[in-house]
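Top to bottom, those sequences are chains G and V.
Its first residue numbered 3, the first sequence is counted upward by one per residue in our numbering.
Its first residue numbered 27, the second sequence is counted upward by one per residue in our numbering.
C-beta atoms are modelled at their ideal positions from N, C-alpha and C, and glycine is treated no differently.
Note that the coordinates shown come from a computational prediction; the quantities given were computed from them, not determined experimentally.
Step one of this worksheet: look at the structure below.
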Amino acid sequence: GAVVSQHPSRVICKSGTSVKIECRSLDFQATTMFWYRQFPKQSLMLMATSNEGSKATYEQGVEKDKFLINHASLTLSTLTVTSAHPEDSSFYICSALSGASTDTQYFGPGTRLTVL
Amino acid sequence: SQKIEQNSEALNIQEGKTATLTCNYTNYSPAYLQWYRQDPGRGPVFLLLIRENEKEKRKERLKVTFDTTLKQSLFHITASQPADSATYLCARWGPGTASKLTFGTGTRLQVTL
Chain G
3 GAVVSQHPSR VICKSGTSVK IECRSLDFQA TTMFWYRQFP KQSLMLMATS NEGSKATYEQ
63 GVEKDKFLIN HASLTLSTLT VTSAHPEDSS FYICSALSGA STDTQYFGPG TRLTVL
Chain V
27 SQKIEQNSEA LNIQEGKTAT LTCNYTNYSP AYLQWYRQDP GRGPVFLLLI RENEKEKRKE
87 RLKVTFDTTL KQSLFHITAS QPADSATYLC ARWGPGTASK LTFGTGTRLQ VTL
């Protein structure tokens, strides 16, 4: 149980285009989902927290107009990187909290974004 | 600032030995600490959670300790195997009721034959 999927697993796009990444909780309802970014040989950095049906809470320094987050249902959250640039190239990982267990996050497999 | 540090960037040990990884934190004491395993190009996988009122927790070959006086958690893998090679991350929850994890930088463990 407690499986989180991400799609796509990797994406390559041209500079200036937008990319959408999906995060799904497959066998539980996720009251809260988180989006992280991880650069090579660095740890995970939290970008934003999203609760179903409400606006996401962004961490300091993360541009909310550039990284659009939608948590439209209890099993799906999306991250859209708008007008992507090479410096946005990174490993994006989502995680989810279930209503049953509020102290353990279940992570997705990650999405490798490369912006040319 | 709130910091969580893992002292060793990399640790190399021989198969069969016990690997010990260290996690130190500053400022507030978290209600609990968590340990994750991350393989290259993959998301973290939850391993263990230890609460502030628990001194030690075990799961199969894994053992975690939590010393709130030293502000430190130790993560042990006994009888290590090459398959244990991965990056291990500690993370703390909070501060307070803030529902978010702050991760350490990770320790890359390499178990050799």
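task: Using only alpha-carbon positions, find the residue among G/I23, G/S27, G/K22 that is nearest to G/L99.
output: The residue with the shortest Cα to Cα distance from G/L99 is G/S27.
query: Using CA coordinates, which residue listed in V/V137, V/R134, V/R118 is at the minimum distance from G/L48?
result: V/R118
message: For V/L75, tell me which candidate among V/T44, V/L135, V/L88 has the shortest Cα-Cα distance.
response: Checked all of V/T44, V/L135, V/L88; the closest Cα to V/L75 is V/L88.
- prompt: So is G/T116 in contact with chain V if we call contact Cβ pairs under 7 angstroms?
  reply: no
- prompt: Where do the ends of the beta strand (DSSP E) carrying G/H87 lie?
  reply: Where G/H87 is concerned, there is no enclosing beta strand (DSSP E), given that its DSSP letter is neither H nor E.
query: So what's V/D93 in DSSP terms, helix, strand or just coil?
result: strand
- prompt: For V/R84 and chain G, any beta-carbon pair shorter than 7 angstroms?
  reply: no
field: Check: V/L139 C-beta below 6 angstroms from any heavy atom of the ligand SAM
entry: The ligand SAM is not part of this structure, which contains no ligands at all.
query: Can you list, in chain order, the residues of its chain whose CB lies under 8 angstroms from that of V/L127, leaving out five sequence neighbours each side?
result: Q60, A117, R118, W119
field: DSSP bridge partner residues for V/Q107 (one or two, in chain order)
entry: None, per the DSSP bridge assignment.
message: Between which two residues does the beta strand (DSSP E) holding V/L75 run?
response: Element bounds for V/L75: 71 to 77.
message: With DSSP as the reference, identify every bridge partner of V/E82, one or two as the case may be.
response: V/T91
Nearest residue (CA-CA) to G/K66, options G/E54, G/T82, G/F41: G/T82
query: For G/T106, which residues in chain V fall below 8 angstroms Cβ to Cβ?
result: Q60, F72, L75
is_contact[G/G63, chain V] using C-beta, thresh 7 angstroms: no
- request: Taking all protein chains shown into account, decide if G/Q62 is buried (16 or more other Cβ within 10 angstroms of its Cβ) or exposed.
  value: Exposed is the call here.
message: Please identify, using Cβ separations under 7 angstroms, the residues of the segment 104 to 135 of chain V that lie next to chain G, in order along the chain.
response: L115, W119, S125, K126, L127, F129, G130, T131, G132
field: Classification of G/H87 by the beta-carbon crowding that lies within 10 angstroms, buried from 16 upward
entry: G/H87 is exposed by the Cβ-count criterion.
query: Is G/S75 helix, strand or coil by DSSP?
result: strand
task: Could you say which of V/T131, V/I103, V/F129 lies nearest to V/N38 if we only look at CA atoms?
output: V/I103
task: For chain G, find out if any of its Cβ atoms is closer than 7 angstroms to the Cβ of V/G42; answer yes or no.
output: no
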